[in-house]
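Chains as they are written, first to last, in the numbering used here: chain A, 774 to 1087; chain B, 340 to 858.
Here is the structure we will look at, set down as structure tokens.
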């Protein structure tokens, strides 16, 4: 197992390396440059040239990349032009906020998705199944940024049960209850689509397993229905569902871009949006690198879990 | 299972209910900003969003008089200008200290300008200083004694004083720059009414009352600036009680706040002008008649009332009325007159050839550029102009427009916000300001008389004399119509009704020194 994990980690290095080149090239291809973005109306060619020189952007793209990758090996991701602070500080701070949000959402969508899928499969064509299928359809089809605004409107503006934005109260607070209080609405919003996807998949996987001979055998032996479903059926169904949860982790981090913007969550998604619009190349580069690395790790983790669940894969 | 879940939810709701009333504490003002500040080093930033914070932490040698764009003494008590307009001598206020305890004196002033302007200054690398060209005419700064400082300019430059009142002219503590180096922008120290206390990245920036403020300590204990980039979220936060003040309210929501008694809505015209650059080098707008036709054809009143929903006023000429002292009150906006436009187009020999119109998707001061561009296209089409719109993202758009419109487009949207009536016309309407000479005259307007007036207005330091020159310039430019003059934006803000003494300034800065919020 350790060798497998090491092999997978090594394989991730060229992927991440290629990614940094692609990001560099994309950022170079989109029109506009940081100096123009910073100077706005005052972006005369003369001012732009002077600022580019001071920002070290008058070098060729290749030189810039070589400098960047050289610094990377020393653990230095450079300094953001727009924030005037080290990229690493900003990216780590932002990424931990995203991890809290995306991690919570992932737990929520796994729990609710699996439960809904099981109930739906066990009560196939029953009322519970119909209601869950309908909710799942609505959940998958609802744009999450819209849902976020509606939840803000109901729970923050009208009922005043939850704050409308931010991660901690701006005075006092900063403890765990305060965090949960701020986390509830964005985490729920972010988990809705993934919950739907996981519920659908669990339902299909469970239905397939429940028709297998060994389930009939288990029932024939006189095992309780609860034991049949959770011990026998669910465990095999889970093998098919776990990699999808791994993929959903990627979607949840991607979806965090909207949700973080709507809820002003200080995560890496909203950071990337701003960094791209201000052409802050190093910040984009650092952010993408961290998100991609996390995605690789999530998938690796999902694969490991799957291997542990399914003896055939060992 | 269900019961457990239900119980868990119920207890969660109850647990949070008491602290859920997101009310802001008394004597603390929470301001909703549109973005995270880039830096709190006033010389390193360019955005109004950052200026709103900085003018509360720092003072300049001079500042804008309340409610105007005219300068008055601040850290400098008085000044004299030499007859040739090239030497400015300032007498500094005595006994002022920076928040870090170091003294404010002539040496400190010299340090501030040398850091920005001299590439060999030991702290020049704490930049870059994107707007340092505001002071590009400054040749030398000397500290004559503790409280006297002299600026030598390379040429007479009348906007110098109003540039000093701009945030780029705010005074930072040399001691703090020496201590923090490149991180000064996150550890700021000035002389302002509020002292920097805490910056929690992407969540809040806190400043507390400066008890020793030379102009009288403010009544508020603290200011908290919160960055909330999404306009809808900002509104929700305001409605749910998490903000005391919010700026840049979208027009749609302004009405809602106006009808709600728990809020106060403020509006203030500023030094902003929204216009269309017309390409005077190529047909059809190489003809003055065609340029005037465009001005007559566009229904500016409808744009301002329907699309901008009253958040702007119709512009009459190149200079915004907010520059009250330099604004020509006699100018009337071009009336909406499609028939006259048709006649003028005929006179210009235009026969429905297709013309390209550059429209931006957004951008600083651009208001609602796509909707406005579409309405303008429809108005021009109604008088027989065949307008094709090309839309670009802001940075791309600037990259297309700033180098000049020749061979690419007949017209382009543009907006400017400036601090002196000199800036925009000098950079965008002079023959010497054509794109190939490093200026913003992207439509290639050229009128020797306008050039002369603008040059002269830089050299005379008497405000009344300067004003007369600008007024004459506005008349000529309006008649020549190098642009379609469309709108002057009014900035707005909403406060809770409990906030007292809050005012908006024509400079668009947020001066919070005299604000109170007892409850």
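Every residue, glycine too, gets a C-beta built ideally from N, C-alpha and C.
Residues near residue i by beta carbon distance below 7 Å, same chain, minus five either side
{"i": "residue 456(B)", "result": "471, 474 and 477"}
{"i": "residue 892(A)", "result": "901 and 905"}
Residue i burial status per 10 Å Cβ neighbour count (16 or more: buried)
{"i": "residue 534(B)", "result": "buried"}
{"i": "residue 852(B)", "result": "buried"}
{"i": "residue 835(A)", "result": "exposed"}
{"i": "residue 725(B)", "result": "exposed"}
{"i": "residue 786(A)", "result": "exposed"}
{"i": "residue 910(A)", "result": "exposed"}
{"i": "residue 349(B)", "result": "Unreliable placement is indicated for residue 349(B), whose pLDDT of 46 sits below 50; no coordinate value is reported for it."}
{"i": "residue 774(A)", "result": "exposed"}
{"i": "residue 948(A)", "result": "exposed"}
{"i": "residue 867(A)", "result": "buried"}
{"i": "residue 346(B)", "result": "Annotation note: pLDDT 48 at residue 346(B) (below 50); position unreliable, coordinate value reported separately. When all chains shown are included, residue 346(B) counts as exposed."}
Chain-ordered chain A contacts of residue i [CB-CB under 9 Å]
{"i": "residue 709(B)", "result": "Neighbours of residue 709(B) on chain A: none; closest Cβ ~17 Å, over 9 Å."}
{"i": "residue 540(B)", "result": "856, 858, 862, 863, 866, 867 and 1039"}
Contact set between residue i and chain A, taken where Cβ atoms lie within less than 8 Å
{"i": "residue 562(B)", "result": "Per Cβ cutoff of 8 Å: no residues; residue 562(B) is ~12 Å from chain A at best."}
{"i": "residue 543(B)", "result": "943"}
{"i": "residue 369(B)", "result": "943"}
{"i": "residue 364(B)", "result": "944"}
Contacting residues, own chain, Cβ-Cβ under 6 Å from residue i (five flanking each side not counted)
{"i": "residue 790(B)", "result": "769 and 770"}
{"i": "residue 1083(A)", "result": "1012"}
{"i": "residue 887(A)", "result": "975"}
{"i": "residue 754(B)", "result": "613, 704 and 705"}
{"i": "residue 799(B)", "result": "805"}
{"i": "residue 652(B)", "result": "827"}
{"i": "residue 565(B)", "result": "371 and 543"}
{"i": "residue 573(B)", "result": "371, 567 and 585"}
Nearest to residue i (by Cα), restricted to the options the options
{"i": "residue 1016(A)", "options": "1079(A), 1010(A) and 1039(A)", "result": "1079(A)"}
{"i": "residue 854(B)", "options": "712(B), 711(B) and 556(B)", "result": "556(B)"}
{"i": "residue 690(B)", "options": "705(B), 712(B), 624(B) and 777(B)", "result": "624(B)"}
{"i": "residue 747(B)", "options": "831(B), 617(B) and 546(B)", "result": "617(B)"}
{"i": "residue 367(B)", "options": "416(B), 839(B), 733(B) and 524(B)", "result": "839(B)"}
{"i": "residue 933(A)", "options": "924(A), 831(A) and 1085(A)", "result": "924(A)"}
{"i": "residue 365(B)", "options": "583(B), 412(B) and 554(B)", "result": "583(B)"}
{"i": "residue 541(B)", "options": "552(B), 558(B), 523(B) and 567(B)", "result": "567(B)"}
{"i": "residue 1051(A)", "options": "722(B), 369(B) and 377(B)", "result": "377(B)"}
{"i": "residue 406(B)", "options": "663(B), 576(B), 440(B) and 547(B)", "result": "663(B)"}
{"i": "residue 965(A)", "options": "995(A), 919(A), 994(A) and 953(A)", "result": "919(A)"}
{"i": "residue 756(B)", "options": "661(B), 744(B) and 465(B)", "result": "661(B)"}
{"i": "residue 972(A)", "options": "881(A), 947(A), 955(A) and 1000(A)", "result": "881(A)"}
Residues of its chain near residue i, where Cβ-Cβ distance is below 8 Å and the 5 sequence neighbours each way are ignored
{"i": "residue 731(B)", "result": "697, 698, 699, 700 and 739"}
{"i": "residue 831(B)", "result": "586, 587, 588, 593, 604, 605, 606, 607, 650 and 843"}
{"i": "residue 779(A)", "result": "none"}
{"i": "residue 341(B)", "result": "With a pLDDT of 45 at residue 341(B), under the threshold of 50, the modelled position of this residue cannot be trusted, and the question is left open."}
{"i": "residue 720(B)", "result": "726"}
{"i": "residue 360(B)", "result": "Unreliable positioning characterises residue 360(B) in this predicted model, as indicated by a pLDDT of 44, which lies under 50. The coordinate reading is nonetheless provided below. Only 580 meet the Cβ criterion."}
Distance CB(residue i)-CB(residue j) smaller than 8 Å
{"i": "residue 683(B)", "j": "residue 629(B)", "result": "yes"}
{"i": "residue 737(B)", "j": "residue 816(A)", "result": "yes"}
{"i": "residue 549(B)", "j": "residue 438(B)", "result": "yes"}
{"i": "residue 467(B)", "j": "residue 1054(A)", "result": "no"}
{"i": "residue 813(B)", "j": "residue 657(B)", "result": "yes"}
{"i": "residue 530(B)", "j": "residue 489(B)", "result": "no"}
{"i": "residue 372(B)", "j": "residue 388(B)", "result": "yes"}
{"i": "residue 414(B)", "j": "residue 510(B)", "result": "yes"}
{"i": "residue 958(A)", "j": "residue 1036(A)", "result": "yes"}
{"i": "residue 708(B)", "j": "residue 752(B)", "result": "yes"}
{"i": "residue 497(B)", "j": "residue 796(B)", "result": "yes"}
{"i": "residue 749(B)", "j": "residue 694(B)", "result": "yes"}
{"i": "residue 879(A)", "j": "residue 1022(A)", "result": "yes"}
Contacts that residue i makes with chain A (C-beta to C-beta distance below 7 Å)
{"i": "residue 567(B)", "result": "938 and 1037"}
{"i": "residue 576(B)", "result": "937 and 938"}
{"i": "residue 571(B)", "result": "922"}
Closer than 7 Å at the beta carbon, the chain B residues around residue i
{"i": "residue 857(A)", "result": "377, 378, 383 and 524"}
{"i": "residue 812(A)", "result": "385 and 469"}
Residue i: contacting residues in chain B (beta-carbon distance under 9 Å)
{"i": "residue 805(A)", "result": "732, 733, 734, 735, 736, 737 and 738"}
{"i": "residue 887(A)", "result": "What residue 887(A) touches in chain B: nothing, since even the nearest Cβ is about 13 Å away."}
Within chain B, the residues that residue i reaches when beta carbons sit closer than 8 Å
{"i": "residue 893(A)", "result": "None at all; the shortest Cβ gap to chain B is about 15 Å."}
{"i": "residue 896(A)", "result": "Neighbours of residue 896(A) on chain B: none; closest Cβ ~14 Å, over 8 Å."}
{"i": "residue 1088(A)", "result": "It is not possible to answer for residue 1088(A), since the shown part of chain A is limited to 774 through 1087."}
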